[in-house]
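Worksheet: one structure, shown below.
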Amino acid sequence: MLKKDNLRLGILLGLLAPFIGLVIYYFAAFYTRNVSFEEFLAFMRQNKSLLTAVSSISLFANAILFTIYINSRRDKTAKGVFVATLIYGIGVLLLKVVG
């Protein structure tokens, strides 16, 4: 599946990787403090500076994916990862400005 070069795969991976990055950040920073995932999300919603930090770390996973697919010349998949990164970036920006 990862050897394919198509836009849908890139978008799927690009939407999944930041969530995995978010979960890794939660386990690294908050799980040891006995904070539930729901409490972590509520705290992140209230604290906008934490939202910026977590989104940066989460989107770093997309940067890694993008680099892997560009270097292996799977340009359509890399384009999908880039599109998903833009969607996440705009979403985070809207949460910070509007929310």
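FYI, the numbering for the sequence shown is -1 to 97, going by this note's numbering. Backbone N, C-alpha and C define an ideal beta-carbon position, used for all residues, glycine too.
Could you compute how far the alpha carbon of residue i sits from the alpha carbon of residue j?
i     : j     : result
ARG43 : LYS77 : 29 angstroms
ASP73 : VAL95 : 33 angstroms
LEU39 : LEU7  : 27 angstroms
LYS46 : ILE55 : 14 angstroms
PHE28 : VAL52 : 12 angstroms
PHE17 : PHE41 : 17 angstroms
GLU37 : TYR86 : 22 angstroms
LEU91 : LEU84 : 10 angstroms
GLY19 : ARG71 : 24 angstroms
ILE9  : THR65 : 15 angstroms
ALA60 : VAL79 : The sequence given here has Asn at residue 60, not Ala. Approximately 7 angstroms between the Cα atoms of the pair.
ASN32 : TYR67 : 37 angstroms
GLY12 : ALA26 : 22 angstroms
ILE88 : ASN69 : 26 angstroms
Let me know the secondary structure DSSP gives residue i once reduced to three states.
i     : result
ARG71 : coil
VAL79 : helix
LYS2  : coil
LEU91 : helix
VAL96 : coil
Candidates the options: which alpha carbon is nearest residue i's?
i     : options                       : result
LEU93 : LEU11, THR50 and ASN60        : THR50
LEU57 : PHE35, SER34 and VAL81        : VAL81
VAL21 : GLY12, THR30, PHE35 and LEU11 : PHE35
LEU48 : ALA15, TYR23 and THR30        : TYR23
LEU14 : ASN69, LEU63, ILE68 and ILE88 : LEU63
Three or more beta-carbon pairs under 8 angstroms between the segment 1 to 10 and the segment 75 to 90, yes or no?
yes
Alpha helix (DSSP H) segments (min. 4 residues) lying fully within the segment 10 to 75:
35 to 44 and 46 to 69
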